[in-house]
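K.L.:
All residue numbers for the sequence shown refer to our numbering, where the first residue is 4 and numbers rise by one. Think of the CB as a built atom: it goes at the ideal place given N, C-alpha and C, for glycine as much as any other residue. This is the structure, below, for whatever I ask next.
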Amino acid sequence: MQYIFLGILIGGGLVVVLSSSPEIKPGGTVTISSTDSLRNLGGEVSMAKYYAIKLPKELSFAGEKVPMQDFEVRERLDRELTVNSYWHSNTLQNLKLAHRWFPTIEKILAENNIPDDFKFVALAESGLRNVVSPASAEGYWQFLAGTAKEYGLKVNEQVDERYDVEKSTQAATKYFANAYKKFNNWTLAAASYNVGMGAIEKNLTYQDVSNYYDLYLNTETSRYIFRILAFKVIYENTEKFGFMLDDEDLYDPLHYNTIIIDSSIADLAKFAASNNTNYKMLKYFNPWLRKESLTVGKGESYIIRLPDSLPQK
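Okay, structure coming up:
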């Protein structure tokens with residue numbers, strides 16, 4: 004008896020399915036003919052091909068050259084490029100979300116004289132999603148609560164501005180400016196965002212080196228800059244890496260109106276309804292609202308975003 008061998012690639016693994024058939028039609032991806040046992044299967048097999056990533060000959064981060072002549076640097080970059088170029092579902096989502104959020108982030112970076120490449124730090128930190136890490140870092144820029152407050156973000160039971168892309172990006176630019184002032188090096192400033200300025204300074208002193216690429220660091224921070232570089236290379240060469248997206252595939256920037264709130268809101272669902280939207284969309288456009296009400300203190304005010312219209316039913 005003949006069998007059709009179906010190879011379905013799921014998450015990098017090959018799922019094998021056998022189904023009996025009186026004949027094997029041409030044009031199939033995989034063709035096998037033999038006995039009833041997988042162990043004894045023989046015949047002709049056509050498998051998908053996977054190619055090694057060709058590394059760029061030159062690369063920079065924030066205008067600072069990556070030492071591509073260093074074999075160890077090339078191998079670290081190769082690892083992150085391979086992981087992210089073959090992690091198709093995640094990278095596709097990142098590219099779609101970048102179209103939505105990068106314009107906002109780029110504008111704020113430019114206004115604060117931070118190099119444009121730092122937008123890839125947000126991509127490495129959160130995938131441009133409001134996520135929570137095991138260490139309780141939260142939001143687009145993955146601030147810990149204490150650090151967020153240090154850089155001017157409000158964090159309490161009702162309001163968490165780590166979830167506001169504009170305010171959290173402003174806070175991140177303050178950090179990067181401080182770190183650059185300390186190290187006079189943008190790559191070290193970016194690396195310190197992962198492990199802290201103190202840890203970078205301590206390791207530079209102990210190891211008697213002056214740049215990130217010569218530092219021996221913990222595994223996460225050792226990979227950190229290379230993940231950022233991998234995102235940059237893929238983002239700037241999407242089709243070369245096989246990511247084919249039409250304009251309609253990308254997530255558009257959100258369109259909204261804003262209102263200034265200077266008094267408390269007892270019920271956000273009722274507030275949403277009174278402003279021609281619903282609670283779900285209010286929370287979607289204002290993820291920094293963490294509870295069902297908003298207390299506004301004396302002299303305080305908040306800007307709330309309201310969608311231009313309700314989503315189509």
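1. Can you grab the Cα-Cα spacing for the pair residue 124 / residue 55, in whole Å?
2. Given this structure, state the Cα-to-Cα distance separating residue 75 from residue 180, to the nearest angstrom.
3. Let me confirm a value: residue 263 is counted as buried when at least 16 other C-beta atoms fall within 10 Å, else exposed. Which label applies?
4. Here's a check: name, in chain order, each residue in its chain whose Cβ is nearer than 6 Å to the Cβ of residue 79, leaving out the five neighbours to either side.
5. Exposed or buried, residue 41, counting other C-beta atoms within 10 Å across all chains shown (16 or more means buried)?
6. Which of the three DSSP states, helix, strand or coil, is assigned to residue 244?
7. Pull up the CB-CB distance for residue 297 and residue 161, whole angstroms please, since I reckon it's below 8 Å.
8. Take residue 322 and list the residues in its own chain whose beta-carbon comes closer than 8 Å to its own, dropping the five residues that flank it on each side.
9. Judging by CA-CA distance, which residue of 128, 236 and 70 is the nearest neighbour of residue 224?
10. Across the stretch 273–282 and the stretch 82–98, are there enough close Cβ pairs to call them in contact, namely three or more that are closer than 8 Å?
11. From residue 216 to residue 185, what distance separates their C-alpha atoms?
12. Does the stretch 134–152 come close enough to the stretch 251–261 to have 3 or more Cβ pairs within less than 8 Å?
13. Shortest alpha-carbon distance to residue 246 belongs to which of 89, 153 and 131?
14. By a C-beta neighbour count over all protein chains shown, 10 Å radius and 16 as the cutoff for buried, is residue 176 buried or exposed?
15. Between residue 198 and the rest of its own chain, which residues show a CB-CB distance below 6 Å, the 5 nearest in sequence each way excluded?
16. What are the start and end residues of each continuous alpha helix (DSSP H) run of 4 or more residues lying completely inside the stretch 243–290, in chain order?
17. Excluding the five sequence neighbours on either side, which residues of its own chain have a C-beta within less than 7 Å of the C-beta of residue 293, listed in chain order?
18. Check whether the Cβ atoms of residue 81 and residue 58 lie closer than 8 Å to each other.
19. Near residue 221, which residues of its chain fall below 8 Å by C-beta distance, leaving aside the five closest residues on each side in sequence?
20. Are the CB atoms of residue 156 and residue 143 within a distance shorter than 8 Å?
21. How would you call residue 303, buried or exposed, if buried means at least 16 neighbouring beta carbons within 10 angstroms?
22. Taking Cβ positions only, does residue 76 come closer than 8 Å to chain B?
23. How long is the line joining the alpha carbons of residue 206 and residue 61, rounded to whole angstroms?
P.N.:
Let's see:
1. Distance between the alpha carbons of residue 124 and residue 55 is about 25 Å.
2. Roughly 29 Å separates the two Cα atoms.
3. With fewer than 16 neighbouring CB atoms inside 10 Å of its own CB, residue 263 falls in the exposed class.
4. So the list reads 229, once near-sequence residues are dropped.
5. With a pLDDT of 42 at residue 41, under the threshold of 50, the modelled position of that residue is not reliable, and the figure given next carries that caveat. The residue is exposed, with fewer than 16 neighbouring Cβ atoms inside 10 Å.
6. In the structure shown, residue 244 sits in coil (DSSP, three-state: anything other than H, G, I, E or B).
7. Cβ atoms of residue 297 and residue 161 come within 8 Å of each other, at about 6 Å.
8. The chain is shown only over 4 to 316; residue 322 falls outside these bounds and no answer can be derived.
9. Among 128, 236 and 70, the Cα nearest to that of residue 224 is on 128.
10. In the pairwise beta carbon analysis, the stretch 273–282 is classified as not touching the stretch 82–98: fewer than three pairs are separated by under 8 Å.
11. So the alpha carbons of these two residues sit roughly 18 Å apart.
12. Cβ pair count under 8 Å is below three, so no.
13. When each option's Cα is compared against that of residue 246, the closest is 89.
14. If you draw a 10 Å sphere on the C-beta of residue 176, you find 16 or more other C-beta atoms in it, and that means buried.
15. Only 224 meet the Cβ criterion.
16. If only complete runs of 4 or more residues are kept, the stretch 243–290 shows the alpha helix (DSSP H) at 271–277 and 282–288, in order along the chain.
17. 160, 161, 162 and 163, listed in sequence order.
18. Yes. Within cutoff.
19. So the list reads 198, once near-sequence residues are dropped.
20. No, the Cβ-Cβ distance between residue 143 and residue 156 is not below 8 Å.
21. The residue is exposed, with fewer than 16 neighbouring Cβ atoms inside 10 Å.
22. You won't find chain B in this structure, because it holds only one protein chain.
23. Approximately 27 Å between the Cα atoms of the pair.
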